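The structure appears below as structure tokens.
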Amino acid sequence: MKKIIAFDCDSTLSAIEGVDELARLAGPDVFRQVENLTNQAMDGEIAIEEVFGKRLDLINPTRDQCRQIGQMYLETIEPTAQETISALRSDGWECLIISGGFAACIEPLADNLDIKVIEAVPLLFNEDGSYAGYDADYPTTRNGGKPEILAKIKKTLTPDTLVMVGDGVSDLETSSIVDHFVAYTGYISRPKVVQNCMHEAKTLQKLLDILRVR
Ligand SMILES: [Mg+2]
Numbered sequence: 011m012k013k014i015i016a017f018d019c020d021s022t023l024s025a026i027e028g029v030d031e032l033a034r035l036a037g038p039d040v041f042r043q044v045e046n047l048t049n050q051a052m053d054g055e056i057a058i059e060e061v062f063g064k065r066l067d068l069i070n071p072t073r074d075q076c077r078q079i080g081q082m083y084l085e086t087i088e089p090t091a092q093e094t095i096s097a098l099r100s101d102g103w104e105c106l107i108i109s110g111g112f113a114a115c116i117e118p119l120a121d122n123l124d125i126k127v128i129e130a131v132p133l134l135f136n137e138d139g140s141y142a143g144y145d146a147d148y149p150t151t152r153n154g155g156k157p158e159i160l161a162k163i164k165k166t167l168t169p170d171t172l173v174m175v176g177d178g179v180s181d182l183e184t185s186s187i188v189d190h191f192v193a194y195t196g197y198i199s200r201p202k203v204v205q206n207c208m209h210e211a212k213t214l215q216k217l218l219d220i221l222r223v224r
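Residue numbers for the sequence shown follow our numbering, so the first one is 11 and each next one is one higher.
Structure (structure tokens):
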């Protein structure tokens, strides 16, 4: 039995929204604008692709700032994440991260959880560490990106069971691809996601009940 479970990162594996924290480092004005755009996108009011480049242009993140966010993800890790992921793994689940966040920021958290596969947006930097753009072709920079990645995983790895866990509309979009979509509501409960989900988990540990992991 091949079982794969994909986790969203921001407001799921960790309490923060990495892009908002990056924006905070750029000052209060940038923060307000970016937070607003993120919320509208996660609530499904505007398309992700519409806000993606706009937010990054506002923030102009350096490589060092991305490292700081990496630390912050670690400091705000979901309290039951480590034990849950280790129990899932012992039960034969392969764990991965699928995120609209930035790979450079998420890597330390993935390392901490011993998750080898991270699907997240590559950022580009100049030699001096200043921002040089992002991979605009990357699937999670747009709506439909997470289902696109999971459809590919389904085709190439042919799991018997495929699960997605997350808090946002971009996670909910995977419902048609996966066997179980779990709305994670430990940090934010988004009405559109909760109303349309198959299962709700207020802690990651609840996944062990939902998936009947002993
Ligand atoms: Mg999220």
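Every residue, glycine too, gets a C-beta built ideally from N, C-alpha and C. The model shown is predicted, which means the values in this text are computed figures rather than measured ones.
Residue-level contact to chain C via CB, residue i, 7 Å cutoff
i	result
L217	Considering every chain present, this structure includes no chain C. It has just one protein chain.
Test item: CB-CB of residue i and residue j under 7 Å
i	j	result
A25	T86	yes
Y194	G176	yes
L214	A91	yes
G102	K13	yes
F41	I107	no
L66	Y144	yes
Proximity to residue i [Cα-Cα], best of the options
i	options	result
L123	D30, L167, Y83	Y83
V179	E55, I116, I79, E210	E55
G111	A120, N136, H209	A120
D20	K126, K156, I116	I116
P157	A142, V40, H190, K126	H190
G196	V203, G139, L221, K212	K212
D30	T22, L23, Q43	Q43
N70	A146, A142, T48, S199	A142
Distance between beta carbons of residue j and residue i, contact taken as under 8 Å
i	j	result
T150	V131	6 Å
Q78	L35	7 Å
I187	K164	6 Å
Bridge partner(s) assigned by DSSP for residue i
i	result
F191	M174
V131	F112
S24	D20, I87
- In chain order, which continuous runs of the alpha helix (DSSP H) of length 4 or greater are located wholly inside the stretch 48 to 101? 58 to 69, 73 to 85, 91 to 100
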